[in-house]
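Single-structure report; data block below.
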Amino acid sequence: APESLMQALEDLDYLAALDDDGNLSEVGIIMSEFPLDPQLAKALIASCEFDCVEEMVSLAAMLTASPCFVPLSTHLEEAVALRRRALLHPNGDHFTLINIFNAFQQREHGRGLGVGGSHPYAGDEGWCRKHGVCAEALRLAGTVRAELLEVMRRIELPVSPPAFGSDANALNIQRALISGYFLKVARDIDGSGNYVMLTHKHVAHLAPACGYLLRPPPRRLPPWVLYHEFTISQDNCLRVVSEIQPQMLVELAPQYYLSNLPPSEGRDLLMELREKVVAAEEAPAEPE
1 APESLMQALE
11 DLDYLAALDD
21 DGNLSEVGII
31 MSEFPLDPQL
41 AKALIASCEF
51 DCVEEMVSLA
61 AMLTASPCFV
71 PLSTHLEEAV
81 ALRRRALLHP
91 NGDHFTLINI
101 FNAFQQREHG
111 RGLGVGGSHP
121 YAGDEGWCRK
131 HGVCAEALRL
141 AGTVRAELLE
151 VMRRIELPVS
161 PPAFGSDANA
171 LNIQRALISG
181 YFLKVARDID
191 GSGNYVMLTH
201 KHVAHLAPAC
211 GYLLRPPPRR
221 LPPWVLYHEF
231 TISQDNCLRV
241 VSEIQPQMLV
251 ELAPQYYLSN
261 LPPSEGRDLL
271 MELREKVVAA
281 EEAPAEPE
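Heads up: the sequence shown runs through residues 1 to 288, numbered per the UniProt record's numbering.
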């Protein structure tokens with residue numbers, strides 16, 4: 001439809017993928033090298049600037065491969081849910097996916113060739129069953145990750161060493177994600193999980209598999225989130241969700257994107273923050 005085509009072009013413009021003539025910009029040309037959707041490609045490129053390439057390339061692979069979570073059968077649900085909960089990352093679903101990928105890779109690379117004639121993948125399959133994740137999806141993610149790294153090497157993008165687990169790395173992953181996904185941000189308007197999406201004011205809820213809902217009570221729902229996917233046709237849910245700070249969104253999203261958001265309380269809060277940032281930048285430096 002013409003509307004969706006125009007929306008796609010507008011999104012590419014916000015992502016700095018187009019130049020003033022509507023052709024691919026330098027950033028857009030680099031984005032087009034990756035077999036990823038534009039927002040994920042932009043986040044991966046941003047990870048070069050923020051020194052979190054190892055983590056973002058794992059996340060990009062996990063988001064591109066098949067879903068890794070297996071629907072739980074009722075009689076096993078409680079035990080598997082408890083083990084799966086141990087893999088949840090406090091910073092959100094994007095970080096949980098990196099956690100799961102890293103845990104699986106450590107098992108894959110740490111195993112021997114099978115003891116007593118056992119299949120070399122047997123331990124991995126058992127671990128996956130215990131945690132309710134799909135071994136095939138995780139192996140596919142490993143293949144996708146290798147392909148993405150090959151693209152990065154071919155076009156000579158810098159690959160920073162792994163640093164997952166440090167506070168600085170967590171902030172850098174959030175920065176890279178916002179650089180690509182500022183178009184997919186929602187705000188909890190009443191503290192009870194009714195999230196209004198900033199771009200088109202739909203109200204949505206967190207998907208049942210979201211890590212924030214799987215944690216033991218008392219649960220705290222994040223006031224501002226970045227999401228990977230919104231399914232309006234099925235259940236009006238946000239999928240793969242992580243908390244963000246609005247201050248970081250204001251610093252990284254294009255100014256004209258914030259200005260063009262439809263009127264809402266969330267937009268007003270962001271514009272107020274933006275004014276404070278501008279005022280701080282324009283304030284004269286304190287004499288030493």
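The C-beta atom is built at its ideal place from N, Cα and C for all residues, glycine as well.
| said: Which residue marks the beginning of the beta strand (DSSP E) containing E33, and which one marks its end? | reply: Residue 33 sits at position 33 when you count from the first residue of the sequence shown. Unbroken run through E33: none, as it is neither H nor E.
| query | By Cβ distance below 8 Å, which residues in the same chain neighbour D11 in space, the five residues on each side in sequence not counted? | reply | Counting from one through the sequence shown, the residue named residue 11 turns up at place 11. Cβ neighbours of D11 beyond the five flanking positions: P38, Q39, L183.
| Contact between the segment 14 to 27 and the segment 124 to 136 (3+ Cβ pairs under 8 Å) | no
| field | One or two residues paired with H205 in a DSSP bridge | value | Here residue 205 refers to the residue found at position 205 of the sequence shown. Partner(s): C237.
| request: Rank E281, V57, F230 by C-alpha distance to the C-alpha of G142 and give the top, closest one. | output: Within the sequence shown, residue 142 is the residue found at index 142, counting from 1. With distances taken between Cα atoms, G142 lies closest to V57.
| Who are the near neighbours of S160 in its chain, counting only those whose CB is closer than 6 Å to its CB and skipping five residues on each side? | Counted from its first residue, the sequence shown places residue 160 at position 160. Excluding positions up to five away in sequence, the list reads D51, V53.
| message | Between the alpha carbons of N260 and I29, how many angstroms are there, rounded? | response | Reading the sequence shown from its first residue, position 260 is the one you call residue 260. Reading the sequence shown from its first residue, position 29 is the one you call residue 29. So the alpha carbons of these two residues sit roughly 26 Å apart.
| message | Please identify the residue among Y227, G191, L213, S192 whose C-alpha is closest to the C-alpha of T199. | response | Here residue 199 refers to the residue found at position 199 when the sequence shown is read from its first residue. Here the closest residue by C-alpha is Y227.
| said: Across the segment 169 to 181 and the segment 206 to 215, are there enough close Cβ pairs to call them in contact, namely three or more that are closer than 8 Å? | reply: no
| field | Same chain, Cβ closer than 6 Å to P162, neighbours up to 5 away in sequence not counted | value | As a first step, residue 162 must be located in the sequence shown, where it is residue number 162. Cβ neighbours of P162 beyond the five flanking positions: E54.
| said: Using a 10 Å radius around the Cβ and a threshold of 16 neighbouring Cβ atoms, would you call R153 buried or exposed? | reply: Taking the first residue of the sequence shown as position 1, residue 153 is located at position 153. Looking at its Cβ environment, which holds fewer than 16 other Cβ atoms inside 10 Å, R153 is exposed.
| task | Give the secondary structure of A186 by DSSP, where H, G and I count as helix, E and B as strand, and everything else as coil. | result | Along the sequence shown, one-based indexing puts residue 186 at 186. Three-state result, A186: strand.
| task | May I have the straight-line CA-CA distance separating E265 from L252, to the nearest angstrom? | result | For the purposes of this step, residue 265 is taken as the residue at position 265 of the sequence shown. For the purposes of this step, residue 252 is taken as the residue at position 252 of the sequence shown. Cα to Cα, E265 sits roughly 20 Å from L252.
| Contact set for W224: own chain, Cβ-Cβ below 6 Å, skip 5 residues either direction | To locate residue 224, count along the sequence shown from 1; it is residue 224. Closer than 6 Å at the Cβ level, and outside the excluded window around W224, lie R187, I244, P246.
| request: Tell me the start and end of each unbroken beta strand (DSSP E) in the segment 17 to 60 that is at least 3 residues and wholly inside, in chain order. | output: none
| Buried or exposed by the 16-neighbour rule on C-beta atoms within 10 Å, applied to S47 | On the sequence shown, residue 47 is found 47 positions in, with the first residue counted as 1. Answer is buried; the Cβ neighbour count reaches 16.
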